[in-house]
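Residue numbers (our numbering), protein chains in the order written: chain A, 1 to 159; chain B, 1001 to 1159.
Number of protein chains: 2
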Amino acid sequence: MSDSVSSSKLPLPLDHFLCFAIYSANHSMNRAYKPFLADLNLTYPQYIVMVALWEKDGQTVKSLGETLFLASNTLTPLLKRLEKMGHVTRQRDPNDERQVVIYLTPQGQALEEKAINIPECILAATGLTPDNIEYLQAQLSHLRQNLEAATETNTHIET
Amino acid sequence: MSDSVSSSKLPLPLDHFLCFAIYSANHSMNRAYKPFLADLNLTYPQYIVMVALWEKDGQTVKSLGETLFLASNTLTPLLKRLEKMGHVTRQRDPNDERQVVIYLTPQGQALEEKAINIPECILAATGLTPDNIEYLQAQLSHLRQNLEAATETNTHIET
DNA sequence: TGCGATTAGATTGTGTACGATTTATTGTTG
DNA sequence: CAACAATAAATCGTACACAATCTAATCGCA
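As structure tokens, then:
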């Protein structure tokens, strides 16, 4: 069955692309989070930034970027929106004026209470067992590390 | 070790969020594809649309959307860019003028040859065994289906 | 000390995503 | 067959992502 695809010369149909499985799972995860995050008036990327800050307050933009694999061109406008909403402050580090340190406001800290049971709601929506989830996470982390290693060293030899 | 997190009241640190594992794996996958897709002058979403069309030409926007889990507000501008690049044509179905059918041009068909070995390059970059990949795909597909089912029926009971 | 290199953020432009709305076409029902 | 509901795309506004570039601050080393 899996070797009788005749409508395409590609080795794999779209259904069997790992990249597409990740891509579409990511979209469905975003959609699953949306109603819960709407209560907090946050987008998903804003939410993971808040999660990172709830874990460790007072991080620089660079530090947040390393945690979340995002650069300043994504984080700066996002953090400005969080600042405008009153969840964080952005202030230059007096010891190194190049750096901007992000601090939670009391309001930003308080938001954690409203967000605290979202993960278990999502957990339920996944319909997976904790063992499955843990294994999936580990596999995806492993995959991410491999891809990053392969991408960094990739000088992309031209034909 | 995993039960000694004291800096957060959240049940899980960011490292253990499945959503984040998917989110960041998706980003790393995008970055891995980028150099290969740059040769084709395609973005990743444009690429998966082309893959869907190489698999089955002459699809409507709606049909493509169902395959890729994307709506017209995402697909319309993307397809217009593919049209401008000369890879596809967009034409109204004479039998139902509401529908727009997407056809590959000869140039769009020819592009498949240049794209045909990308999947194996990515496969190598993942550093995973075919068994691992197949299992990951299956798990992610299953997850997506569960999330969609849970999201659709989600009336999101208010407190 | 001073000047080039490095570093951290910010900015700009392009391209997704997607909620909400609009337009055009088709179906349906009295 | 006329009014209205349903459907398919397109449009609009907001918010990521990210390459490329710019600015300002710091570092390094002669």
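For every residue, glycine included, the Cβ atom is placed at its ideal position computed from N, Cα and C.
Apart from the five residues on each side of it in sequence, which residues of its chain come closer than 6 Å, Cβ to Cβ, to residue i?
i	result
A/Leu53	Leu104
B/Ser1093	According to the sequence provided, residue 1093 of chain B is Asp. The question's Ser does not apply to it. Within the same chain, B/Asp1093 has close Cβ partners Gln1099 and Val1101.
If you drop the 5 nearest sequence neighbours on each side, which residues of the same chain put their C-beta closer than 8 Å to that of residue i?
i	result
B/Leu1136	Leu1128
B/Lys1034	Tyr1044
B/Thr1159	For B/Thr1159, the predicted model reports a pLDDT of 27, less than 50, meaning its position is unreliable and no value from the coordinates is stated.
B/Asn1041	Met1085
Going by C-alpha distance, which of the options is nearest residue i?
i	options	result
A/Leu82	A/Gly108, A/His16 and A/Arg98	A/Gly108
A/Asp39	A/Arg92, A/Ala115 and A/Leu79	A/Ala115
A/Leu75	A/Val49, A/Met29, A/Ala149 and A/Pro106	A/Val49
A/Val100	A/Asn146, A/Ala149, A/His142 and A/Ser72	A/Ser72
A/Gln91	A/Asp57, A/Leu70, A/Ile122 and A/Leu14	A/Asp57
From residue i to residue j, what does the alpha carbon distance come to, in whole angstroms?
i	j	result
A/Glu120	A/Glu113	14 Å
B/Gln1139	A/Asn95	48 Å
A/Glu55	A/Leu64	11 Å
A/Glu66	A/Pro106	25 Å
A/Asn30	A/Pro130	20 Å
A/His16	B/His1087	23 Å
B/Leu1111	A/Lys80	41 Å
B/Ser985	A/Leu70	This structure leaves residue 985 of chain B out entirely; chain B is present only between 1001 and 1159.
A/Met85	A/Leu78	11 Å
A/Ile122	B/Lys1062	28 Å
A/Glu148	B/Ala1149	32 Å
A/Glu97	A/Val51	26 Å
Excluding sequence positions up to five away, which residues of its chain have a Cβ less than 7 Å from the Cβ of residue i?
i	result
A/Leu37	Thr43, Tyr44 and Tyr47
A/Ser7	Because A/Ser7 sits at a pLDDT of 44, beneath the cut-off of 50, its placement in the model cannot be relied upon, and the point is left open.
B/Thr1089	Glu1083, Tyr1103 and Thr1105
B/Leu1014	Phe1020
For a contact meaning CB atoms closer than 8 Å, what does residue i contact in chain B?
i	result
A/Leu132	According to the sequence provided, residue 132 of chain A is Asn. The question's Leu does not apply to it. Simply Gln1139.
Measure how close the beta-carbons of residue i and residue j come, nearest whole angstrom, since I'm counting them as under 8 Å.
i	j	result
B/Thr1151	A/Ala32	5 Å
A/Leu68	B/Ile1133	Not confirmed; about 25 Å, so no contact.
B/Asn1146	A/Ala125	7 Å
A/Ser24	B/Arg1144	6 Å
A/Asn26	B/Asn1117	25 Å between Cβ atoms; not a contact.
Going along chain A in order, which residues have a C-beta closer than 9 Å to the C-beta of residue i?
i	result
B/Gly1127	His142, Leu143, Gln145, Asn146, Leu147, Ala149 and Ala150
What residues from chain B crowd round residue i, counting only those whose CB sits closer than 9 Å?
i	result
A/Met29	Leu1018, Cys1019, Ile1022, Tyr1023, Leu1143, Arg1144 and Leu1147
Give the residues of chain A in contact with residue i, contact being defined as C-beta atoms less than 7 Å apart.
i	result
B/Pro1077	Ordered by position in chain A, no residue passes the 7 Å Cβ test against B/Pro1077, which lies about 17 Å from the chain.
B/Ile1102	Result: empty, since nearest Cβ-Cβ is about 15 Å, beyond 7 Å.
B/Leu1111	Residues of chain A passing the Cβ test: none, with the nearest at roughly 12 Å.
Which residues in chain B sit within 7 Å of residue i, going by Cβ to Cβ distance?
i	result
A/Asn26	Ile1022, Tyr1023 and Asn1026
List, in order along the chain, the chain A residues whose C-beta lies closer than 8 Å to that of residue i?
i	result
B/Thr1067	Leu14
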